[in-house]
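Numbering-wise (UniProt numbering), the sequence shown opens with residue 1 and increments by one.
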Amino acid sequence: MRARWARGAAYAVLTVLGAVVAVAGALVQAGWFPLGLLLALGAAVALFYGGARLTGTKVGAAAPAGGWMLVVLLLTASRPEGDFVFGTGLGSYVFLLGGMFAAVMCATVAPSGHLPPAGTTGPADLVKGR
């Protein structure tokens, strides 16, 4: 029961961290164009993959990716005053699409949380019935 609460709290913290990385990345990628873009995408990848490794589940990568995606999509909308955070340029599109690609890839390569039965050494043993 306690592990379930801890994992839920970790998912909530990872979601908030995803939102923070999205805001920081939106500002940094435009401010320091070539290196800022790499820094912003590197931070997103580190958070997504780190969340998956920390929790040992695919949801550990999806939780910060969800927070990141929500904030990034909110920042792309223009305001009634005509202001917006993302300008029209190659860096903005690379940040948006690169972050989405990184989220999918980190969730794909994340551990599934299922351990093989005791006494097996890998997928071949599971197929053979050992």
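Here a beta-carbon is modelled for each residue, glycine too, at the ideal position from N, C-alpha and C.
Beta-carbon contacts of residue i that lie in its chain and below 6 Å, excluding the five residues immediately before and after
i: V45; result: A102
i: L41; result: G98
i: T76; result: F86
Neighbourhood of residue i by C-beta distance below 7 Å, restricted to the same chain and skipping five residues each side
i: V94; result: L37
i: L39; result: V28
i: L47; result: L17, G18, V21 and P64
Through-space distance from residue j to residue i, alpha-carbon basis
i: A15; j: Y49; result: Per the sequence shown, the amino acid found at residue 15 is Thr instead of Ala. Distance between the alpha carbons of T15 and Y49 is about 13 Å.
i: G51; j: W68; result: 13 Å
i: L73; j: L96; result: 9 Å
i: G60; j: Q29; result: 25 Å
i: M105; j: R7; result: 22 Å
i: W5; j: E81; result: 43 Å
i: G31; j: M100; result: 21 Å
Selection from the options that minimises the alpha carbon distance to residue i
i: A110; options: S92, R53, L96 and W5; result: R53
i: L27; options: S92, M105, C106 and A65; result: S92
i: V13; options: A63, A43, P34 and G56; result: A63
i: A3; options: G56, L35 and W32; result: G56
i: G89; options: A24, P34, W5 and G8; result: P34
Whole-Å CB distance - residue i paired with residue j, under 8 Å assumed
i: K58; j: A107; result: 5 Å
i: V71; j: A10; result: In fact, because the Cβ distance is near 19 Å, the residues do not count as touching under 8 Å.
Same chain, Cβ closer than 8 Å to residue i, five either side skipped, listed in chain order
i: G66; result: T15 and G18
i: A43; result: V21, A24 and G25
Give the list of continuous alpha helix (DSSP H) stretches no shorter than 4 residues that lie fully inside the stretch 26 to 92.
If we require 4 residues or more, the alpha helix (DSSP H) runs fully inside the stretch 26 to 92 come out as 33 to 55 and 59 to 76.
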